[in-house]
Each structure stands twice: as structure tokens, then as C-alpha cells.
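I have placed the structure first, in the form of C-alpha cells, so that the comments after it can refer back to it.
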Amino acid sequence: MFNRILIANRGEIALRVIRACREMGIESVAVYSEADRGAAYLALADRSICIGGAPSAESYLNIPRIIAAAEVADVQAIHPGYGFLSENPEFAEICRSCGFEFIGPSHDSIRRMGLKTEAKIVATKAKVPCVPGSDGPVDDEAEAQSLAKKIGFPVLIKAAAGGGGKGMRVVRDEAGFLTAYRTAKAEAEASFRNSSVYLERYLDNPRHIEVQLLADQHGHVLHCWERDCTVQRRHQKLVEESPSPVVPENVRLKICESAVRLAKTVNYHNAGTCEFLYDPKTQEFFFIEVNARIQVEHPVTELVTGLDLIKWQIRIAAGEKLTLKQSDIKRNGHAIECRINCEDPNENFRPSPGVISNMVVPGGPGVRWDSHTVPGYRVPTNYDSMVGKLLVHADTRDEAISRMSRALRELRLEGIATTIPFHQILMEDEAFRSGHFDTTWLEREFMPTFKDRRLK
Ligand code: ADP
């Protein structure tokens, strides 16, 4: 086992890894940018090293500076967290070539999964159903146009290198296709430095279902069941839960087994997530992408399975075998996560960074609060707006929703606008409580009435 790990990330996920290291008796080394200097969570690591200026390019995305910090601190491994360099195959390769184990999959797997078009080819090989669409990137306008007609409108144009809900464009009819295609290519080039796009049928009213995977370096791949991340705004997740309230048991098994098959096809190791869209009407599911890293919403799975996914990531990277069998991974009760962002839900989720003048954190049975914030914490403007994740666990979905309402009522973050009021109203919403909604329901039906609604 490693005796010292560097965490190439910040905020709540850096703290999450620090906590796992502490419990495993591993020393943790945090890195920070000028914007995070003095942040309270850094004191919980055994050592912290400044790696540069506030812009990510000067710090959390700066490979030479991170490697230099790893050398200075004499660590054996690097945990990339999520975002930043976590899915950058060059970073994984450089870490390993400099003698630091990268706590994640092989750089080859990251590379193959990083392009969604490549991942779909792998899925097809593994006999996992994909959303009908082009067989890979379409670089020719005329070809794209005729293919779109064949697929049938509405069509989705997606950036092959896209991520974070960005780089997607819905085209409703043939007339609008060419302009949309050109814009999508230009946007893909500007955002991802890769203009490659592909086409998919735009599914009506899908659910987002994803499968958590754990795989060791000895060929054992296990699934840790699914998470339902259908509550989205602009293709970005706001609430995640497990189990899915709508997927029947036989389909759940099929989806999870498909994810395992896909991972085996690429000799995947470490933690990963296989994402699908699910049509509750036909009970069909379609692969969309793999996230070759730990995800924001991993604690949902930890609550229902009792596993510690970060500790498993570290053990797997150290070469240990998964000591679990698939039948050991049981589901227990229901878990929900609400992402608490410093965004104003009354102002179209406008970011509202600032100082958290005072805060009260919820507690009691079945509540988990993963956050690096403390009273007096200044939320930097340079990074994403998530300030914490509030999770609950209970026997049933109804009880979990009541528990989440209760915990949200206790949670106070003063001095900044947050998504807490949004989540409170959501927990009381009838459609949400029924479990029947889709990935565009929030924007289509919930948000238009949000401002006029008061808590019961
Ligand atoms: P990203 O990597 O940017 O997160 P994904 O491919 O994972 O992109 O898709 C994110 C979300 O976009 C999905 O959860 C879903 O809501 C929507 N989406 C993606 N592909 C389709 C599709 N073919 N039809 C309908 N919605 C889609």
C-alpha cells in the first residue's frame, strides 16, 4: 500500500480523498492555487503545497507544477478527483512515467473512453445497445445531412470530445440542420479543441441511468448498481438517487450487466461509470458514455451499498484484488443527493460567489454532508459553483425525501444565494415524489412555476 498520496484537485473532492487517506493510515498531500490559499480543508491534509495562480491553467490544470509538487513531497501516487485532469490521458501517462501511480484507469482506457464516438464503438463490440445514430464522427456536411434524415428528426448533434453537458445541439427539422451542424462544429472546436461531431437520435422523455463500476487490475469487474440522475438542467445533474424509482428489477440487472461487459472489453480498471438513457415506455436502454473517473455523485452508491469507493480506488491502484464478489454488493434502502451550488435559482441559476458569513450544517439519522466549506469561507469565482453535497439515506424513497426536506430545512449557508430553496420546493413537488419525470421535465415543467411556489 502507498504511504503518501498527492491529491491533484480542490474543494470537496480533495477533502473526500484526504478523509479516505486518513482512515487508511496514508499521508495525504494537498495542492492549492492562490485562490484556495488558507482554505480550512487544507489543514486536514498532512501537507499542502501551493502550485500557482488562481486560473486553473496555472494550477489545477498545470501538469508540470503538479508533478513538481509530487516530487517535492515524495508521494507514490496521485489521485485526480473529478474534473480538472481526471480524464486527461496525457496526465495519467506522465504521472506513471514519472514513477507516480495514477489512481484511475490506464491511460489507454481513458483515451478510448474520452472520445464518445470511440466509446460507442467499444459498446457495440460488447453488444451493448447504443442510441441510434452515426457510426462515428461525421465530418462532411452533405453526409451529415442525409444521415440526419435517415435517423429521423429530432436529431442531436454531439461533440465527440464533449462533456459537462456542453457541446450538444438539438435539431427539430431538416430546415435547421445545416446551420446547427456548422455552429456545433465551431463550438466543439472552441470548447474542446476538437471539431469532431456525431449524430444521435434525440430521445423523447428519457431517464438518465448510470452504473457504478469497480474493476481491479486482475480482470475482476463488479457493478455497484445504478444511480438515477434524471433531474437535470441544461443536461447537468442537480439531484441523484439510487435505486432508480422506475427501472424494473429485470431491466436493472440487464443494464448493470451491460456496463460490466463494456468494461471487460477494454480491460478497464479502477472506478468508472457507464451512462445510459432509459425509455420507461419501451424499457429499452441505450449507452451514451463512460466517465473514466470517480463522479460527483459517488456517495449515493456508497450509502446504498456501504462501500467506500475512494478507498477501493486507492487499493485497486496499489494492485490489490477486489475481495468482493458480485453477490456481496447488496442494495440497502434509498439514497438521494442534492447538489448545493452557490447559484440563485430565482435568477436563472446565476452564480453568486461571495463569503459564507455563517453556516449551520444538518445532522441526525441518515444525513451526510460532503463539503469543504466553513463559516467565513469565501467561494472563489475561478472554479465551479458547487459548495457541498447533501445526502440522505433511509429505508424507502418516501422516507428519504422526507429526510432530505428536513435536512435542507436545517442547512443554512448565509451570505450567498444557493440552490437550497430550489431543492426544498423540488422535494415537495408531486411529480418528483411520484418518481415519474424525464431529463427535460425540470426545465419544461418545474422551473416555470418555481418562483410562484411557497414551501408547505
Ligand atoms: P456530457 O458528457 O456532456 O455529460 P452526455 O452524453 O453524458 O453528455 O449527456 C448528458 C445528458 O444529455 C443526458 O443525461 C441526457 O439528458 C442528454 N442527452 C444526451 N444524449 C441524448 C440523446 N440522444 N437524446 C436525448 N437526450 C440526450
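So for the sequence shown, the numbering used here puts the first residue at 134; every next one is plus one. Glycine included, every Cβ here is placed at the ideal spot set by N, Cα and C.
Counterpart residues of threonine 406 in DSSP-defined beta bridges: As a first step, residue 406 is located in the sequence shown; it is residue number 273 there, counting from the start. Answer by DSSP bridge pairing, in chain order: Gln345, Asn424.
Under the three-state DSSP convention, the category phenylalanine 418 falls into: As a first step, residue 418 is located in the sequence shown; it is residue number 285 there, counting from the start. Note: phenylalanine 418 maps to strand in three-state DSSP.
heavy atom of the ligand ADP below 7 Å from tyrosine 335 C-beta: One-based indexing of the sequence shown puts residue 335 at position 202. For the ligand ADP, at least one heavy atom lies less than 7 Å from the Cβ of tyrosine 335.
Leucine 410 Cβ short of 7 Å to the ligand ADP heavy atom set: Counting from one through the sequence shown, the residue named residue 410 turns up at place 277. Yes, the beta carbon of leucine 410 sits closer than 7 Å to at least one heavy atom of the ligand ADP.
Distance cut-off 7 Å: methionine 246 Cβ against heavy atoms of the ligand ADP: Taking the first residue of the sequence shown as position 1, residue 246 is located at position 113. The answer is no for methionine 246.
Beta-bridge pairing of methionine 519 - partner residues as DSSP gives them: Stepping through the sequence shown from its first residue, residue 519 is reached at position 386. In the DSSP output, where bridge partners are listed per residue, methionine 519 has Asn474.
Helix, strand or coil at tyrosine 411 [DSSP, three-state]: By one-based count along the sequence shown, residue 411 stands at place 278. Residue state, collapsed to three classes: strand.
Inter-stretch contact at 8 Å, needing at least 3 Cβ pairs: the stretch 457-470 / the stretch 526-534: yes
Close beta carbons around tyrosine 174, own chain, < 6 Å, minus the five adjacent residues each side: The residue you call residue 174 lines up with position 41 of the sequence shown. The answer, listed in chain order, is Leu148, His505.
Spatial distance of glutamine 350 from glycine 266 (CA atoms): By 1-based counting over the sequence shown, the position of residue 350 is 217. By 1-based counting over the sequence shown, the position of residue 266 is 133. Near 33 Å, if we compare the C-alpha coordinates of glycine 266 and glutamine 350.
Inter-residue CB distance, tryptophan 445 and alanine 404 (contact presumed, cutoff 8 Å): Counting from one through the sequence shown, the residue named residue 445 turns up at place 312. Counting from one through the sequence shown, the residue named residue 404 turns up at place 271. Contact flag correct, Cβ pair sits at about 7 Å.
Cβ shell of alanine 564 (< 6 Å), same chain only, five flanking positions each side left out: Counting from 1 along the sequence shown, the entry for residue 564 is found at position 431. Excluding positions up to five away in sequence, the list reads Phe570.
Three-state class that DSSP yields for asparagine 491 in the structure shown: Locating residue 491 in the sequence shown gives position 358, where the first residue counts as 1. Asparagine 491 falls in the strand class under three-state DSSP.
Under 8 Å between C-beta atoms of threonine 104 and arginine 360: No statement about residue 104 is possible, as the shown extent of the chain runs from 134 to 589 and does not include it.
Simplified DSSP state of proline 381, which is helix, strand or coil: Residue numbering aside, residue 381 sits at position 248 when the sequence shown is read from its first letter. It is coil, neither helix nor strand.
Start-to-end residues for the alpha helix (DSSP H) that takes in lysine 318: The residue labelled residue 318 in the question sits at position 185 within the sequence shown. Element bounds for lysine 318: 310-325.
Residues that DSSP places opposite lysine 370 in a beta bridge: Start at 1 with the first residue of the sequence shown, and residue 370 comes out as number 237. According to DSSP, which records beta bridges pairwise, lysine 370 is partnered with Gln365.
As assigned by DSSP and simplified to three states, the class of histidine 353: Working through the sequence shown from its first residue, we reach residue 353 at position 220. Here histidine 353 sits in coil by DSSP.
Nearest residue (CA-CA) to leucine 139, options Gly171, Ala172, Ile182: Here residue 139 corresponds to residue number 6 of the sequence shown, with the count starting at 1. Ranking Gly171, Ala172, Ile182 by Cα distance to leucine 139 puts Ile182 first.
In DSSP terms, what isoleucine 151 is bridged to: By 1-based counting over the sequence shown, the position of residue 151 is 18. DSSP lists no partner for isoleucine 151.
Nearest residue (CA-CA) to glutamate 408, options Gln428, Lys397, Gly144, Asn400: Taking the sequence shown and counting its residues from 1, one reaches residue 408 at position 275. Measuring from the Cα of glutamate 408, the nearest candidate turns out to be Gln428.
Methionine 537 classed as buried or exposed, judged by whether at least 16 other C-beta atoms fall within 10 angstroms: The residue you call residue 537 lines up with position 404 of the sequence shown. By the 10 Å Cβ count, methionine 537 comes out buried.
Residues bridged to alanine 292 (per DSSP): By 1-based counting over the sequence shown, the position of residue 292 is 159. Looking at the DSSP assignment, alanine 292 forms a beta bridge with Val330.
heavy atom of the ligand ADP below 7 Å from glutamine 365 C-beta: Walking along the sequence shown from the start, residue 365 turns up at place 232. Within the cutoff, so yes.
Any non-hydrogen atom of the ligand ADP closer than 7 Å to lysine 463 Cβ: Here residue 463 refers to the residue found at position 330 when the sequence shown is read from its first residue. No, since every heavy atom of the ligand ADP falls outside the 7 Å radius drawn around the Cβ of lysine 463.
Of the residues Pro222, Pro508, Glu276, the one placed nearest valine 330, counting alpha carbons only: Here the question's residue 330 lines up with position 197 in the sequence shown. Among Pro222, Pro508, Glu276, the Cα nearest to that of valine 330 belongs to Glu276.
beta-carbon lysine 414 near the ligand ADP non-hydrogen atom, thresh 7 Å: For the purposes of this step, residue 414 is identified with residue 281 of the sequence shown, where counting begins at 1. Every heavy atom of the ligand ADP is 7 Å or more from the Cβ of lysine 414, so no.
Serine 189 versus arginine 385: straight-line alpha-carbon distance, rounded: As a working mapping, residue 189 is identified with position 56 in the sequence shown. As a working mapping, residue 385 is identified with position 252 in the sequence shown. Distance between the alpha carbons of serine 189 and arginine 385 is about 39 Å.
Straight-line gap, cysteine 362 to methionine 134 (C-alpha atoms, nearest Å): Walking along the sequence shown from the start, residue 362 turns up at place 229. Walking along the sequence shown from the start, residue 134 turns up at place 1. If you take the alpha carbons of cysteine 362 and methionine 134, they lie about 34 Å apart.
Isoleucine 200 - DSSP class collapsed to helix/strand/coil: Here residue 200 refers to the residue found at position 67 of the sequence shown. Isoleucine 200 falls in the helix class under three-state DSSP.
Leucine 332 beta carbon near the ligand ADP (any heavy atom closer than 7 Å): By one-based count along the sequence shown, residue 332 stands at place 199. No - the ligand ADP has no heavy atom lying nearer than 7 Å to the Cβ of leucine 332.
Secondary structure of aspartate 461, DSSP reduced to three states: Sequence index remark: in the sequence shown, residue 461 carries index 328 (1-based). Here aspartate 461 sits in helix by DSSP.
Contact under 8 Å by Cβ, leucine 311 with glutamate 274: Residue 311 sits at position 178 when you count from the first residue of the sequence shown. Residue 274 sits at position 141 when you count from the first residue of the sequence shown. A contact, by the Cβ cut-off of 8 Å.
Where the beta strand (DSSP E) through glycine 300 begins and ends: Locating residue 300 in the sequence shown gives position 167, counting from the first residue. From DSSP, the beta strand (DSSP E) with glycine 300 extends over 299-304.
Environment of serine 279 [buried if 16+ CB atoms lie within 10 Å]: Sequence index remark: in the sequence shown, residue 279 carries index 146 (1-based). Label assigned to serine 279: exposed.
Counterpart residues of arginine 511 in DSSP-defined beta bridges: Locating residue 511 in the sequence shown gives position 378, where the first residue counts as 1. Its beta-bridge partners are Val488.
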